[in-house]
Amino acid sequence: MVRVRLAPSPTGTLHIGTARTALFNWLFARQQGGAFLLRIEDTDRERSSEEFTDNILEGLQWIGLDWDEDPVIQSHRLEAHKAAIQQLLANGKAYRCYASTTELENMRSLQKAENNAPRYDNRHRNLTRSQEQSLISEGREAVIRFRIDDNEIIEWNDLIRGPMLWRASDLGGDMVIARQAPANQIGDPLYNLAVVVDDATMAISHVIRGEDHIANTAKQLQLYKALNLPVPQFAHTPLILNKENRKLSKRDGVTSINDFRNMGYSSSSLANYMTLLGWSPPKGMSERFSSKEAATVFTLSRVNKAGARFDWDKLNWLNSQTLHELDLRELREQLLPLWINRGWIENSIPETKGKISEQDLTWQIDLCELLKPSLVLLSDGVDQAIPFFQCPDIEEKAWSQIKTASNQLALRELLNVLINKGWDGQEISIAQEILKFTCQATDTKKGILMKSLRSALLGSIQGPDLLTSWSLLARIGKDKKRIRRCILN
Ligand code: GLU
Numbered sequence: 006m007v008r009v010r011l012a013p014s015p016t017g018t019l020h021i022g023t024a025r026t027a028l029f030n031w032l033f034a035r036q037q038g039g040a041f042l043l044r045i046e047d048t049d050r051e052r053s054s055e056e057f058t059d060n061i062l063e064g065l066q067w068i069g070l071d072w073d074e075d076p077v078i079q080s081h082r083l084e085a086h087k088a089a090i091q092q093l094l095a096n097g098k099a100y101r102c103y104a105s106t107t108e109l110e111n112m113r114s115l116q117k118a119e120n121n122a123p124r125y126d127n128r129h130r131n132l133t134r135s136q137e138q139s140l141i142s143e144g145r146e147a148v149i150r151f152r153i154d155d156n157e158i159i160e161w162n163d164l165i166r167g168p169m170l171w172r173a174s175d176l177g178g179d180m181v182i183a184r185q186a187p188a189n190q191i192g193d194p195l196y197n198l199a200v201v202v203d204d205a206t207m208a209i210s211h212v213i214r215g216e217d218h219i220a221n222t223a224k225q226l227q228l229y230k231a232l233n234l235p236v237p238q239f240a241h242t243p244l245i246l247n248k249e250n251r252k253l254s255k256r257d258g259v260t261s262i263n264d265f266r267n268m269g270y271s272s273s274s275l276a277n278y279m280t281l282l283g284w285s286p287p288k289g290m291s292e293r294f295s296s297k298e299a300a301t302v303f304t305l306s307r308v309n310k311a312g313a314r315f316d317w318d319k320l321n322w323l324n325s326q327t328l329h330e331l332d333l334r335e336l337r338e339q340l341l342p343l344w345i346n347r348g349w350i351e352n353s354i355p356e357t358k359g360k361i362s363e364q365d366l367t368w369q370i371d372l373c374e375l376l377k378p379s380l381v382l383l384s385d386g387v388d389q390a391i392p393f394f395q396c397p398d399i400e401e402k403a404w405s406q407i408k409t410a411s412n413q414l415a416l417r418e419l420l421n422v423l424i425n426k427g428w429d430g431q432e433i434s435i436a437q438e439i440l441k442f443t444c445q446a447t448d449t450k451k452g453i454l455m456k457s458l459r460s461a462l463l464g465s466i467q468g469p470d471l472l473t474s475w476s477l478l479a480r481i482g483k484d485k486k487r488i489r490r491c492i493l494n
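In this note's numbering, the protein residues as written are 6 to 494.
In structure tokens:
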């Protein structure tokens, strides 16, 4: 039975790299008919918080991932971790090391001076009882270290990277598995130990995680062996890189799933894009897919070894395609909370069925139809909707257009004709007639008049289809006011 897990540390909001690892685990589990589990690695008490845990769980749900069992909370498993350490101490595979911080620092500076990689020199590996007693009587505390046999070659077959080989002598010497504590106690267990014990208890069959954990895998394999636990298979996913081919970081503007959400990306396009960050769909499959579709064909063998470059253009393209395919009612439903947020629509309206008038509903849907073709982000449906909900500021270029004497004359005439003829925004042909009549009466070219009208109505010389925009404003009685405010006396 395939059982995989995501093991986030709740020391920050859900990071894009963690979310992508989550997706690969989820896709693999679903494709294999296995289970996708969560383990919250909250043993760093100072940096972990429940807020971050909630953020991570919410973020995973938002990108469409579900998990099959209640999340395991690592800090609740302290006794199991300590029992494993006890077992390693009892069979001589671990020991107490009393080396002080100063001693360790001196050791490191010597190694540095000799151009050697920093490592613990295993100095307390074979203390006699009396040596130990005298260190204790000095009042020293001890960490617990796991013996690493420097002669060993550690090998595994990585399901993404192929055969892997690691010299145990490159692991930095005997590894600390429990923090400092008084000599007869066991201090807080550390990451590698806890992960091995928990993955074994959770019967994890495949550990799929970022390539920054490769050295940890080498260490953990030694612990599996020493604890006599069944070893899972490993797969290390490529890092997500920025334009400069460095690991995507806070400096690149966004790293947290929240950021993408706030910028207006839809969860389905973001999940689609994250899946493409390192995985290529099989021949014949479009690059646009739902996670459900990807789950039918996902294999680790199609995950690349090389780092995956983050490509904003591609993400934007995917997002715009998703938005353009939404039906107008769906698009309205997605935009409505954002419009409400801006105070443009009353909070009581959404889905208290019947409360919104048919007329308002149609108006909102027609607005969606006008905006839809130019949407890249959902938030564009807010920015571009501004002139339809509030009187927009008039941009400089628009003012230059409006304020010339001839354009003033034309706008004044247009307003007169509009008042005389009246237009409720329904029949577009009436608006066309009004424009035609004004052009003739003031000897203005149609293109020029339209530019002035656009400037007056929308505050800008660019924007969506003018007649439809005008019609939307006329339907809520705002067009004449906008034109009037542009007529200078
Ligand atoms: N808590 C670790 C992290 O967030 C988990 C690594 C693992 O998957 O073993 O990086």
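Even for Gly, the Cβ is constructed at its ideal location relative to N, Cα and C. Remember, it's a predicted structure, so these values are computed and weren't measured experimentally.
- Here the region 9-26 makes contact with the region 259-276; the two share three or more CB pairs at distances below 8 Å.
- Residue nearest to Thr367 within the set Leu65, Leu477, Arg130 and Ala122 is Leu477 (criterion: CA-CA distance).
- With a threshold of 6 Å, the Cβ atom of Glu216 does not count as near the ligand GLU, since no heavy atom of the ligand is closer than that.
- Secondary structure at Tyr100: strand, using DSSP grouped into helix, strand and coil.
- Under the three-state reduction of DSSP, Ala208 is assigned to coil, being neither helix nor strand.
- Counting the other CB atoms within 10 Å of its CB gives Pro469 a total of 16 or more, which places it among the buried residues.
- Here Ile466 is not near Gln395, since their CB atoms are 7 Å or more apart.
- DSSP places Met6 outside any beta strand (DSSP E), giving it a letter other than H or E.
- The distance from the Cβ of Ser53 to that of Thr16 is about 6 Å, consistent with a contact at the 8 Å cut-off.
- The ligand GLU approaches Ala12 closely enough that one of its heavy atoms is under 6 Å from the residue's Cβ.
- In this chain, the beta strand (DSSP E) harbouring Glu160 covers Ile158 to Asp163.
- With contacts defined as CB atoms closer than 7 Å, Val381 and Ser325 qualify as a contacting pair.
- Using a 10 angstroms sphere on the CB of Glu418, the tally of other CB atoms reaches 16 or more, which defines it as buried.
- Fewer than three Cβ pairs drawn from the region 437-455 and the region 478-488 lie within less than 8 Å of each other, which leaves the two stretches out of contact.
- The beta carbon of Glu51 sits closer than 8 Å to no other beta carbon from its chain once the five residues preceding and following it are set aside.
- No Cβ-Cβ contact shorter than 7 Å links Gly269 with Ser379.
- For Val422, the secondary structure class from DSSP, reduced to helix, strand or coil, is helix.
- Val200 has its Cβ nearer than 6 Å to a heavy atom of the ligand GLU.
- Counting of Cβ neighbours within 10 angstroms places Lys252 among the exposed residues, the total staying below 16.
- Taken from the Cβ of Glu51, every heavy atom of the ligand GLU lies 6 Å or farther away.
- Taking the Cα positions, Phe33 is about 28 Å away from Glu56.
- Straight through space, the alpha carbons of Leu336 and Ala231 are spaced by roughly 57 Å.
- Excluding its 5 nearest sequence neighbours in each direction, Trp72 has C-beta neighbours in its own chain below 7 Å: Phe41, Leu42 and Leu43, listed in chain order.
- For His241, the uninterrupted beta strand (DSSP E) segment begins and ends at Gln238 to Thr242.
- Per DSSP, reduced to three states, the secondary structure at Val202 is helical.
- For Gln91, the enclosing alpha helix (DSSP H) starts and ends at Leu83 to Ala95.
- Each residue's CA atom was taken as its position, placing Ile45 and Pro76 some 7 Å apart.
- Shown here for Gln225: same chain residues with a beta carbon closer than 7 Å to its own, the five before and five after excluded, namely Asn197, Val200 and Val201 in chain order.
- Only exposed fits Trp317, as fewer than 16 other CB atoms lie within 10 angstroms of its CB.
- Remark: C-beta atoms of Ile149 and Ile90 approach each other more closely than 7 Å.
- Within 6 Å of the C-beta of Glu146 there is not a single heavy atom belonging to the ligand GLU.
- Assignment of beta-bridge partners to Lys252 by DSSP yields Leu246.
- In the structure shown, Val308 adopts extended strand secondary structure according to DSSP, grouped into three states.
- For the alpha helix (DSSP H) assignment, the uninterrupted runs of no fewer than 4 residues enclosed by the region 385-457 are, from N- to C-terminal side, 385-388, 391-394, 401-408, 410-426 and 433-447.
- Taking 7 Å as the cut-off, the Cβ atoms of His211 and Pro235 do not count as close.
- Remark: three or more beta-carbon pairs, one from each stretch, lie closer than 8 Å, so the region 123-142 and the region 170-183 are flagged as touching.
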